[in-house]
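Just remember that this note's numbering sits 28 ahead of the position in the sequence shown, which is counted from 1.
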Amino acid sequence: MAKLWAGLESGKINKLAEEFNSSIGFDSRLYEEDIKGSIAHAAMLCKCKYLTEDEFALINSGLACILDDIKSGNIKIDETAEDIHTFVEELLTGRIGETGKKLHTARSRNDQVALDLRLYLKGECDAEIALLKELIGAICEKAEEYKNTVCPGYTHLQRAQPITFGHHLMAYAFMLMRDVERLSDCKKRMDVSPIGSCALAGTTYNTDRFFEAEKLGFSDVCRNSIDGVSDRDFAVELISCNAIIMTHLSRFSEEIILWSSAEFGYVKLSSDYTTGSSIMPQKRNPDMAELVRGKTGRVYGDLISLLTTLKGLPLAYNKDMQEDKESVFDSSDTVKACLQVFAGMISSMTANKEKMLSAAKKGFLNATDLADYLVGKGIPFRDAYKISGEIVAECIKENCSLEDFPIEKYKKHSEKISEDVYPALSIETCVNKRKSFGGTGGNSVEMQIEYIKEKLK
Ligand code: ARG
29 MAKLWAGLES
39 GKINKLAEEF
49 NSSIGFDSRL
59 YEEDIKGSIA
69 HAAMLCKCKY
79 LTEDEFALIN
89 SGLACILDDI
99 KSGNIKIDET
109 AEDIHTFVEE
119 LLTGRIGETG
129 KKLHTARSRN
139 DQVALDLRLY
149 LKGECDAEIA
159 LLKELIGAIC
169 EKAEEYKNTV
179 CPGYTHLQRA
189 QPITFGHHLM
199 AYAFMLMRDV
209 ERLSDCKKRM
219 DVSPIGSCAL
229 AGTTYNTDRF
239 FEAEKLGFSD
249 VCRNSIDGVS
259 DRDFAVELIS
269 CNAIIMTHLS
279 RFSEEIILWS
289 SAEFGYVKLS
299 SDYTTGSSIM
309 PQKRNPDMAE
319 LVRGKTGRVY
329 GDLISLLTTL
339 KGLPLAYNKD
349 MQEDKESVFD
359 SSDTVKACLQ
369 VFAGMISSMT
379 ANKEKMLSAA
389 KKGFLNATDL
399 ADYLVGKGIP
409 FRDAYKISGE
419 IVAECIKENC
429 SLEDFPIEKY
439 KKHSEKISED
449 VYPALSIETC
459 VNKRKSFGGT
469 GGNSVEMQIE
479 YIKEKLK
């Protein structure tokens, strides 16, 4: 087929080169944004008297029909077309005749593709935010269920201090809530219309970019036409947000994988979210969590891919920029799939309260509390820390816990220790006494759940 840009020469190129050049294989998903953008463009051309009312009506209904036909599957997008913009325009002219040729007045594919991508990615931001909120809601419910379930809290993957499982889960709710905020912030900068930048320099026509931007629901208009067609920072920013989301999901996945191993035995994933082994019948593999962890790598790759594509490009448009789409699409597709499966996996996950509690009782997780107890008796913290360290060392030697260490032996370490040390060292006390704002004890976790639920509204 003759190219839309045929003019200087025939527009025919080598077959392989033609295939190599084509982006329809991955930009066809922009069809709705492309058509809506063209309708708004035609409306602007009509307002500015470059199209008559009749011409606009013809273009408008022609484009609306194409949109319906693609959506309903009445027509298939031609995989041999150069790109989605070319496909739609040629189809329109084929259907409505000469008037179709007026649509591309005062625009270029350079501002058209920047427009389509911004419109599409704004929708992706919204879709991801909705899915993130569902997952956060599921986490809040689990946290509610396990707000009094004591488990070990870790640093360096060494048992550190007792916490509640609800508290631990809520940490992820806060991380993901920041992801929601990051996405909505990213969307704000994306919400600026590049259309009317034309090839790069603006246009000789007396157009109304603000009218067109408003019709398309943008909050603002790119104020420099070269910037409007040159940058893809909005796509980079979305992939960055996606990379951070994946970091959060990947850490959560890693924990779920550990917790569901026999070594920990803290949680059980529903059989809906585990798979079996083809050879070992006893196995229940946490494949969903592993895949999420694995897919994190490809989203990071998407980010590096686009950044690298952009880093050496002179202004304004360069064909390299056609490579922006696969990375950003892949990153959002991946994030959406991960968020969806994650919400179901969390909702159906159950915790083994006994295992968590017995793990929390082993490993001297109340050693800090012993030091705090000594501080309460007037000993400076550094000395208290040293004394409790020595007591723990003796307990390890004698294979007993701090709760079972006899009072006479305690007294050898410090005369200030008396019988009231035992209630001070119980796991329940250790958890409940950490009432500081944001901490694990008292009603702090309930407050955290309330806070997040309020934000979800
Ligand atoms: N398919 C192209 C892309 O995605 C559209 C813009 C083409 N512009 C051009 N000057 N060749 O970037």
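Glycine is no exception: its CB is placed at the ideal position from the N, C-alpha and C atoms. Note that the coordinates shown come from a computational prediction; the quantities given were computed from them, not determined experimentally.
Near the ligand ARG: residue i beta-carbon under 7 Å from a heavy atom
i, result
"Ser-56", "no"
"Lys-31", "no"
"Tyr-148", "no"
"His-113", "yes"
"Val-141", "yes"
"Arg-137", "yes"
"Gln-310", "no"
"Ser-258", "no"
"Ser-355", "no"
"Ser-66", "no"
"Ser-333", "no"
"Ser-488", "The structure shown has nothing for residue 488, since the chain only spans 29 to 485."
"Ser-253", "no"
"Gln-476", "no"
Residue i classed as buried or exposed, judged by whether at least 16 other C-beta atoms fall within 10 angstroms
i, result
"Ala-290", "exposed"
"Asn-138", "buried"
"Leu-343", "exposed"
"Gly-65", "buried"
"Ser-299", "exposed"
"Leu-185", "exposed"
"Cys-428", "exposed"
"Glu-61", "buried"
"Ala-45", "exposed"
"Thr-486", "The requested residue 486 is not part of the displayed model; the chain covers only 29 to 485."
"Gln-310", "exposed"
"Asp-259", "buried"
"Ser-89", "exposed"
"Arg-135", "buried"
"Phe-280", "buried"
"Ile-68", "One point to set straight first is that residue 68 is Ala, not Ile, in the sequence displayed. Classification for Ala-68: buried."
Close Cβ partners of residue i (< 8 Å) along its chain, the five nearest in sequence each way excluded
i, result
"Ile-103", "Ile-94, Asp-97 and Leu-119"
6 Å CB neighbourhood of residue i in its chain, flanking five on each side removed
i, result
"Asp-248", "Val-220"
"Asp-55", "Asp-111, Ile-112 and Lys-353"
"Ala-188", "Gly-181 and Tyr-182"
"Met-274", "Thr-324 and Val-327"
"Leu-58", "Ile-112, Asp-144 and Tyr-148"
"Arg-237", "Gly-224 and Val-249"
Local conformation of residue i per DSSP, three classes
i, result
"Asn-42", "coil"
"Gln-310", "coil"
"Cys-428", "coil"
"Pro-342", "coil"
"Ile-191", "strand"
"Pro-451", "helix"
"Gly-90", "helix"
"Gly-181", "strand"
"Ala-387", "helix"
"Asp-219", "coil"
"Ala-227", "coil"
"Ala-379", "strand"
"Asp-259", "coil"
"Thr-235", "coil"
"Asp-248", "strand"
"Lys-150", "helix"
"Thr-302", "coil"
Other residues of its chain near residue i: CB distance less than 7 Å, five sequence neighbours each side excluded
i, result
"Thr-114", "Leu-32"
"Ile-63", "Leu-91, Ile-94, Leu-95 and Val-116"
"Thr-133", "Leu-73, Tyr-78 and Tyr-233"
"Leu-484", "Lys-161, Ile-164 and Gly-165"
"Ala-379", "Tyr-174, Thr-177, Phe-193, Tyr-294 and Val-295"
"Lys-481", "Cys-168"
"Ile-445", "Tyr-438 and Lys-439"
"Cys-214", "Cys-153, Glu-265, Leu-266 and Cys-269"
Closer than 7 Å: residue i CB and nearest the ligand GTP heavy atom
i, result
"Lys-347", "The ligand GTP is not among the ligands present in this structure, which contains only the ligand ARG."
Kindly confirm or deny that the segment 305 to 322 and the segment 279 to 288 touch, where touching means at least three C-beta pairs closer than 8 Å.
yes
The segment 400 to 407 contacting the segment 370 to 387, beta-carbon criterion three pairs below 8 Å
no
Count the CB pairs spanning the segment 219 to 233 and the segment 156 to 175 that are closer than 8 Å, and state whether there are at least three.
no
Validate contact between the segment 352 to 366 and the segment 409 to 427 using beta carbons, cut 8 Å, 3 pairs
Short answer: they don't touch.
Touch test, the segment 390 to 405 against the segment 321 to 333, Cβ-Cβ under 8 Å, three pairs minimum:
no
Answer yes if the segment 208 to 218 comes into contact with the segment 150 to 158, meaning at least three C-beta pairs across the two stretches below 8 Å, and no otherwise.
yes
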